[in-house]
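J.:
Protein chains: 2
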Amino acid sequence: MRIGDLAARTGVSVRSLRYYEEQGLLDSSRSPGGHRHYDEEGVDRVAYLQRLYAAGLSSQTILSLLPCLESPSAATSDSAFDRLVEERDKLVTHIAGLTRTLESLDELITLNRKRRAASVADPDSGEPGRTTQG
Amino acid sequence: MRIGDLAARTGVSVRSLRYYEEQGLLDSSRSPGGHRHYDEEGVDRVAYLQRLYAAGLSSQTILSLLPCLESPSAATSDSAFDRLVEERDKLVTHIAGLTRTLESLDELITLNRKRRAASVADPDSGEPGRTTQG
DNA sequence: GTTGAATCTCACATGGATGTGAGGTTCTAG
DNA sequence: CTAGAACCTCACATCCATGTGAGATTCAAC
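Set out below in structure tokens:
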């Protein structure tokens, strides 16, 4: 599988795939001419990397976790494992924050809908209130 | 309340507060000499902005939503309201993705713990498996 | 073979929030 | 009134994943 194929199958740009490799997050075999080749496993790997990126981890952080992801063995350094737990905890906190934000957006939507519905029944009732925080 | 105080109370840098104002997200009154002044409401406002930033919204997007946040009335433009709903939906999707990632990190942690515990009972058992995806 | 698409490396550009520093003005405590 | 802390504007720097373009090479199909 060539880099263009992998890009197509993962929805990640060719540029990004090269970047992941440069960061040590993804490896490839090379054809005699120097072109990269990937096996099926690469697809899952890239998808997983994307999820970690989406979770806010940097390349550096992902790299430091990699031992735990690849071979979750006793040989894995304590520090890698500690970082893994740390990132997990940060993610929990982050999700909690987002969930709160979601709730307040929902309240806001409900409120807006109400106001809009009211204005259908009773036109020219404008700007009836002010809400800075949700 | 001066900008330094607001920064201290919100944990946001002075630089960022000025930036928010520049983006039209936060306003202030000015002293005769040009120094910014804020009231208590500013604290909540900044906290809320931070939450929206943390949810991945850009300044531009927040700006476009602002009418809905500030005066959730019928007068609010349809497009602002539509964007609000759209951002809510994106946030839901994002949270779902993060939750999946969290689950796989949790599995990974459990797996690592198991391996590590096993190695205490049975030293020199190394690298017993490989897991690329969580 | 030949051609055209895909790939290679290198390196500079981008965007968005924030950092940083210069040079100057304003505020507040003593 | 004065010292120094805090503030002002302006503008350039930073980070990091990604975009983009140039110039050269390789691969696949005919």
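If you read the sequences in order, they're chains A and B.
Just so we're aligned, residue 1 is where the first sequence starts under our numbering, counting upward by one.
Just so we're aligned, residue 1001 is where the second sequence starts under our numbering, counting upward by one.
All C-beta atoms, glycine included, are put in the ideal place defined by N, C-alpha and C.
(1) Using 8 Å as the cut-off, can you tell me whether the segment 1092-1107 of chain B makes contact with the segment 1039-1054 of chain B, which would need three or more C-beta pairs spanning the two stretches below that distance?
(2) Using only the alpha-carbon positions, how far apart do B:TYR1048 and B:VAL1085 sit?
(3) With 16 other CB atoms within 10 Å as the buried threshold, where does A:PRO32 fall?
(4) Could you give the DSSP three-state label for A:SER29: helix, strand or coil?
(5) Using C-beta distances below 6 Å, list every residue in its chain close to B:MET1001, excluding the 5 sequence neighbours before and after it, in chain order.
(6) Assuming A:GLU87 and A:LEU57 form a contact by the criterion Cβ under 8 Å, report the distance between their Cβ atoms to the nearest whole angstrom.
(7) Where does B:ASP1010 land, buried or exposed, given buried means 16+ other C-beta within 10 angstroms?
(8) Tell me which same chain residues have a C-beta within less than 7 Å of the C-beta of A:CYS68, skipping the five on either side of it?
(9) Distance, Cα to Cα, B:ALA1007 vs A:LEU98?
(10) Locate the alpha helix (DSSP H) running through A:GLY4, then write down its first and last residues.
(11) Considering only the beta carbon of each residue, do B:ILE941 and B:VAL1012 sit closer than 8 Å?
(12) Can you check whether the CB of A:ARG30 is closer than 8 Å to the CB of A:ARG36?
T.: To lay it out plainly:
(1) no
(2) 17 Å
(3) Under this definition A:PRO32 is an exposed residue.
(4) strand
(5) TYR1038
(6) Yes, they are in contact, since the Cβ atoms of A:GLU87 and A:LEU57 sit about 6 Å apart, within 8 Å.
(7) As written in the sequence, residue 1010 of chain B is Thr, which differs from the Asp given in the question. Buried, by the Cβ-count rule.
(8) THR76, ALA80, PHE81, LEU84
(9) 22 Å
(10) 3-10
(11) Look at the range of chain B in this structure, 1001 to 1134, and you will see that residue 941 of chain B is not part of it.
(12) yes
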